[in-house]
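*Asks:*
Number of protein chains: 2
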Amino acid sequence: MKENQIFKGNIIFAPTPEEIKICAKSYVIVRNGIVEGIYDKLPEVYWREKVKDYDECLILPGFVDLHAHAPQFYQCGIGLDKELIDWLNDHTLPLENRFSDPVFAWEAYSQFANELIRQGTVRSCIFATIHKESTGLLFEILMEKGIGAFVGKINMDRNCADFLKEETETSILETEELIVKYGNHPLVKPILTPRFAPTSSDKLLSAIGELAKKYNLPVQSHLSENRSEVKWVSELFPFHSTYSDVYLDFGLFGQTPTLMAHGIHLTDRELELIKDNNVMLVHCPESNINIASGIMPVRKWLQKGIRIGLGSDVGAGHTLAMSKAVVRAIQLSKIMKVFDPQVRPLNTAEAFYMATRGGGSFFGKVGSFEKGYSFDAIVIEDDPGITGHLSLEERFQRFLYTGDDRSIIARFVAGRQIG
Amino acid sequence: MKENQIFKGNIIFAPTPEEIKICAKSYVIVRNGIVEGIYDKLPEVYWREKVKDYDECLILPGFVDLHAHAPQFYQCGIGLDKELIDWLNDHTLPLENRFSDPVFAWEAYSQFANELIRQGTVRSCIFATIHKESTGLLFEILMEKGIGAFVGKINMDRNCADFLKEETETSILETEELIVKYGNHPLVKPILTPRFAPTSSDKLLSAIGELAKKYNLPVQSHLSENRSEVKWVSELFPFHSTYSDVYLDFGLFGQTPTLMAHGIHLTDRELELIKDNNVMLVHCPESNINIASGIMPVRKWLQKGIRIGLGSDVGAGHTLAMSKAVVRAIQLSKIMKVFDPQVRPLNTAEAFYMATRGGGSFFGKVGSFEKGYSFDAIVIEDDPGITGHLSLEERFQRFLYTGDDRSIIARFVAGRQIG
C-alpha cells in the first residue's frame, strides 16, 4: 500500500448533501490508501504507472452502516409479525445467548462479515453481545477481512433475561480487557456499548462513561426508538428530565464522539442537547417500519442542524444492503409528505450522503473522494442492455433502487481490495 | 402435459388469508397441469411414477402481479426525486413513445418477460402502450415464454402528450383487432385497458365498455391514486358523483371482471360500488410510496369485504419482485399502526395470500395448491448454513424478506416449467 494506485471509471460521490458529483471517465489517484485527487486527464507524472481501468463502471464511495447488531444477522426477516417484546423474547435473546459458544460465534460472525463485504459496506458500527470471547472473535474476523469498524461488547446488568444478565463488575472488567487487547488497530476499534439506558444500572452506566473518558473512546447506544421505551426510561430514571439527560449525566452523550440509534421521539431540550454535544443520530428506516417504532422526522432534525447517518439495524432491519437503507429513507420521507404536504422529502443526494460522507464522518475522512479522504470504494457494473440509454446519474439511481450485491464487482477499504 | 407429474418438497401455501399451510416433505400430484392433491406419503398408485424430488426446498405458489406497466421496466428506479408530473413527462411518456418502434419493443418486452420469470411471477396483468404492433409482440413473447397474463393495449385519446394521443376511432379499431387476433390463447389473454378516466373521451370510454361486453372481456384501469387526480376527475366529469361512477356508467366497473389499481382515496359510496360490483383493487405499496400517493387503508378496505390483490406497478414501483411487494404491504400497514394504534397490521399470511390466491382469483383457480388449482409454483432453495436451524415457517418468511431471484430455482405455470 506504500505506493500510488490509479483507478479509472465514472466516479460518483456526494461531497455535500446538496450535490451528486459526477466525474465521467475520470482518474482517481490514491496514495497510501488516501485520495490524492480526481482528474479527467491523467497527469503526465503518472503516465508510466499502472491504471486499473473500470471502463464504463461506476466508482462510488463504499457504504457506511452506523448501526448493526452482528449476532442478529441470522434472524433477518424472521418473526416480524410479532410485537416487539415477543420478537425479542422468542428470537433475539435466545439467539444472542448462543454467542456464549465461541464456535457458533466464529461461524455466525464470519457470515455476517462476508455479507457486509458482499453488500458493499466498508465501515460499520457494530453491537456484539455481552460475551467477551465471541466479541473478541468479531474483532479478529473484521481485522482479517479488512473491514473498517467500531465494535462494542454490549453491557447489560439489569432488566433483561437472566441468561444475558451480567455481573456489574464483570461487565466493566471484560469491557476494559477488550479495549486493552483490541485498542490499537488502524481500522477495527472498540466502542463503548451500553445496550440502552434501561438495561444498565447507574453504577454500570457510570463506569462505562469513565472508560470512555479514560481511553478517549466513542460511545454508541439506543435513544427514543418508541414511545413505550421513552415512558419506561422516565420511570426508571425519575430524577432525569429526559432520556438524553440520562446518558449525558453518565458521560455518554457527546463527551466523546457518540452515536445514538433512532432518536425518533425527542423533546426540544433533547434536540438541543444532541446538537450542542455533537451527538450523531442514526436513522434506521427499515427497522423502524418492521417493528412499527415510528418515523424519524428527518427533515425537521436536519433543519435543526443535527447530524444524521444511516443504519441497517440488522436484525430488526432485514438487510445489510445500505443501498436499500438509502431508498427506504427516501420512501419514509415521502410518507411524511403524505401526512404533511409541507415537508420536503429527502432526495437521492441527501440520502446517499447520509450513507457515505455523512455517516463516514464518524470514522474521520471517510465516505467521499475529496482529497485527503480514505479510498473506501465500491465498483458498480450494470447491464448495458438495460442501462445503455441512461445518463450516469440515472445509472447511479438505478443501482440504488434495483441493484444488489451482484452489481458490485470490487470493494476497497483504505485502498486495499477486500472483495 | 397429458400425464401425471409428482413433486416432492416442503409445500407451503395460503388457502385463506388466515393460514399459512405447511406440508413438510410432502408430495403434490399434478394431472394435466392441475393439482390433484397433496400427500405426506405417496399413494401406492403412484409408486411406479417418476418423482421430482426438491428435497429440503420450499415449494410455493408462484406470484401474481395484478398491475405492471411493461414498457416502464427500463425506467425502474429512475427519476424518483421528481414530482409525479415531471417524472411522467421526463421519463415515462418519452419511453412509452419508443414503443412505436417494434424492434425496440421486442427487445424491451423480452427483457421485461425474462425479469417476470426470474422473479417468480407466474401471472401478471399488464399495461402495454397505445401501439398495436408492439402490444401484439408482447402477447407473443409472453405466450412463447409460458407466462400467464392479461395484456392490455392502452386507450388514450385526450389530455396527454400529442405523440401518445390516439384518434378515437383508431383506438377502438386497433383494440378490437388485437382482441380478435389474440383472444384464444389459454394463458395470455386480452384485457380492456383505458389508461384512466381523464385520458379517454366519453366516446372512447363508452366504446371500450361495449367491447368488454361484446367479447366478455375483463377491464383494468387506475382509480383514486392521489388527491389531485380525484379532483381532476371531478372537474372533467361534473355530472358523475364519484370517480368510480365514471367507470360504472361506461360499463367498466364490474360489468365484466374488473381490476382497479390503487383505490387509496375512496368515498363510502365508492366502497359500496366496489364491493357490490365485485371490483378487485390492486394495492401497489412500492409505487404508492415512491411517488408519495398515499397509503391504502388496507385493513379498513378488507373489513368492508373488498377484494385486494398486490401489484408491482413497475415503473413507479421499482421492482417486479412480488416478494418485495408482500413485505412492503406489511411495512406500510405497520406505518398505519404508528399513526393509529388501533389498526391491526397485515401479517405474512394475509399479504402472501394477496400475492398468490387472492390476486390469483382474477385468473380462476390460481395461487394455491388446493385440489383443482393450476400448478403454478416456484421452488425456493436457501442456504442451510444460515437457515439450518430455522423452522419451515421461518425459512418461508426469510425468503420473502431477504431472498431474491437466486433463491428461486424453478418456476412452473400450469405444470409447465418456464424457468
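As you go down the protein sequences, you meet chains A and B in turn. Each residue of the first sequence is one higher than the one before, starting from 16 at the first, in my numbering. Each residue of the second sequence is one higher than the one before, starting from 16 at the first, in my numbering. Each residue gets a CB set at the ideal place from its N, CA and C atoms; glycine is no exception. Quick caveat: nothing in here was measured; it's all calculated off a predicted structure.
#1: Looking only at C-alpha atoms, which of Thr144(B), Asp419(B), Ser383(B) sits nearest to Arg133(B)?
#2: Quick check on the DSSP output: what are the complete alpha helix (DSSP H) runs of length 4 or more inside the region 244 to 297 of chain B, in order along the chain?
#3: How would you list, in chain order, the residues of chain C whose beta-carbon sits under 7 angstroms from the beta-carbon of Glu71(A)?
#4: Show which residues of chain A have a CB atom less than 7 angstroms away from the CB atom of Gln346(B).
#5: Using the beta-carbon of each residue, which ones in chain B are nearer than 8 angstroms to Tyr89(A)?
#6: With distances taken from CA atoms, which of Lys160(B), Ser186(B), Asn129(B) is nearest Thr144(B)?
#7: How far does the alpha helix (DSSP H) with Val43(B) in it extend, from its first residue to its last?
#8: Would you give the residue range spanned by the alpha helix (DSSP H) that Ala120(A) belongs to?
#9: Whose CA, out of Gly379(B), Phe414(B), Ile393(B), lies closest to the CA of Gly387(B)?
#10: Assuming Ile393(A) contacts Arg426(A) under a Cβ cut-off of 8 angstroms, what Cβ separation, rounded to an integer in Å, is found between them?
#11: Going by alpha carbons, who is nearest to Ala164(B) out of Pro117(B), Ser236(B), Val79(B)?
#12: Suppose contacts are defined by Cβ-Cβ distances below 8 angstroms. Is Cys91(A) in contact with Gly330(A) by that definition?
#13: In whole angstroms, what is the alpha-carbon distance linking Met351(B) and Ile310(B)?
#14: CA-CA distance, Met16(B) and Phe178(B)?
#15: Apply the 10 Å Cβ neighbour rule to Leu75(B) and answer buried if 16 or more other Cβ atoms are within range, or exposed otherwise.
#16: Does any C-beta atom of chain B lie closer than 8 angstroms to the C-beta of Arg133(A)?
#17: Against His82(A), what residues of chain B qualify as contacts under a CB-to-CB distance less than 8 angstroms, listed in chain order?
#18: What is the residue span of the beta strand (DSSP E) that Tyr69(B) lies within?
#19: Cβ of His237(A) less than 8 angstroms from any chain B Cβ?
#20: What do you get for Ala128(B), buried or exposed, if any count of 16 or more other CB atoms within 10 angstroms of its CB means buried?
#21: Would you say Glu191(A) and Leu152(A) are within 8 angstroms of each other, going by their C-beta atoms?
#22: Listing by chain order, which chain B residues have their CB less than 9 angstroms from the CB of Gln412(A)?
#23: Who does Cys140(B) pair with in a DSSP beta bridge?
#24: Could you please give me the residues that DSSP links to Tyr54(A) through a beta bridge?
#25: Evaluate Glu181(B) with the Cβ neighbour count: other Cβ atoms within 10 Å of its Cβ, from every protein chain shown; 16 or more gives buried, anything less gives exposed.
#26: What is the rounded straight-line gap between the Cα of Pro360(B) and the Cα of Leu202(A)?
#27: Would you mind telling me which residues of chain B sit closer than 7 angstroms to Val353(A), beta carbon to beta carbon, in chain order?
#28: Look up Pro213(A) in the DSSP assignment and say whether it is helix, strand or coil.
#29: Is Phe22(B) helix, strand or coil by DSSP?
#30: Closer than 7 angstroms: is that where the CB of Leu108(A) sits relative to any heavy atom of the ligand ADP?
#31: Between the alpha carbons of Asp260(B) and Ile223(B), how many angstroms are there, rounded?
#32: Note down, in chain order, every chain B residue with its Cβ under 8 angstroms from the Cβ of Asp419(A).
#33: Using only alpha-carbon positions, find the residue among Trp102(B), Leu131(B), Gly374(B) that is nearest to Leu274(B).
#34: Using a Cβ cut-off of 8 angstroms (strictly closer), state whether Ile350(B) contacts chain A.
#35: Mind listing the chain B neighbours of Leu415(A)? Cutoff is C-beta to C-beta under 8 angstroms, in chain order.
#36: If I follow the unbroken beta strand (DSSP E) through Pro312(B), where does it start and stop?
*Replies:* In short, the structure shows the following:
#1: The shortest Cα separation from Arg133(B) among Thr144(B), Asp419(B), Ser383(B) belongs to Asp419(B).
#2: The DSSP assignment places complete alpha helix (DSSP H) segments of no fewer than 4 residues inside the region 244 to 297 of chain B at 258 to 264, 283 to 291, in order along the chain.
#3: Of the protein chains in this structure, namely A and B, none is chain C.
#4: Near Gln346(B) (Cβ distances below 7 angstroms), the residues of chain A are Ile304, Asn305.
#5: Tyr89(A) reaches chain B at Ile401, His404, counting residues in chain order whose Cβ is nearer than 8 angstroms.
#6: That would be Ser186(B), whose Cα lies nearest to the Cα of Thr144(B).
#7: Careful: Val43(B) lies outside any alpha helix (DSSP H), inside the beta strand (DSSP E) at 34 to 46.
#8: Looking at the DSSP string, the run of the alpha helix (DSSP H) that includes Ala120(A) is 117 to 133.
#9: It is Gly379(B) whose Cα lies nearest to the Cα of Gly387(B).
#10: Correct: roughly 5 angstroms between the Cβ atoms.
#11: The residue with the shortest Cα to Cα distance from Ala164(B) is Val79(B).
#12: Against a cut-off of 8 angstroms, the Cβ pair of Gly330(A) and Cys91(A) comes out as a contact.
#13: Distance between the alpha carbons of Met351(B) and Ile310(B) is about 8 angstroms.
#14: At Met16(B) the pLDDT is 44, less than 50, meaning the model places this residue with poor confidence; the figure from the coordinates comes in the next sentence. Each residue's alpha carbon lies about 45 angstroms from the other.
#15: Burial state of Leu75(B) is buried, judged by a 10 Å Cβ sphere holding 16 or more other Cβ atoms.
#16: Taking Cβ atoms only, chain B never reaches closer than 8 angstroms to Arg133(A), which makes this a no.
#17: Chain B residues near His82(A): none, gap ~18 angstroms exceeds 8 angstroms.
#18: Membership of Tyr69(B) in the beta strand (DSSP E) is indicated by the continuous run 66 to 76.
#19: No, because no Cβ of chain B sits closer than 8 angstroms to the Cβ of His237(A).
#20: Ala128(B) is buried by the Cβ-count criterion.
#21: No, Cβ-Cβ distance for Glu191(A) and Leu152(A) is not below 8 angstroms.
#22: Correct list: Gly92, Ile93, Gly94, Leu95, Asp96.
#23: Among the bridge pairs identified by DSSP, Cys140(B) is matched with Phe165(B).
#24: DSSP links Tyr54(A) through a beta bridge to Tyr42(A).
#25: By the 10 Å Cβ count, Glu181(B) comes out buried.
#26: Spanning the two alpha carbons is a distance of roughly 42 angstroms.
#27: The contacting residues are Ala307, Gly309, Ile310.
#28: In the structure shown, Pro213(A) falls within a helical segment according to DSSP collapsed to helix, strand and coil.
#29: Shown here, Phe22(B) sits in a strand according to DSSP, grouped into three states.
#30: Within the structure as shown, the ligand ADP is missing, as the structure has no ligands at all.
#31: Between Asp260(B) and Ile223(B), the alpha-carbon positions lie close to 16 angstroms from each other.
#32: Contact annotation for Asp419(A) against chain B: Asp419 [CB-CB distance below 8 angstroms, chain order].
#33: It is Gly374(B).
#34: With 8 angstroms as the cut-off, Ile350(B) counts as an interface residue toward chain A.
#35: The contacting residues are Gly92.
#36: Unbroken run through Pro312(B): none, as it is neither H nor E.
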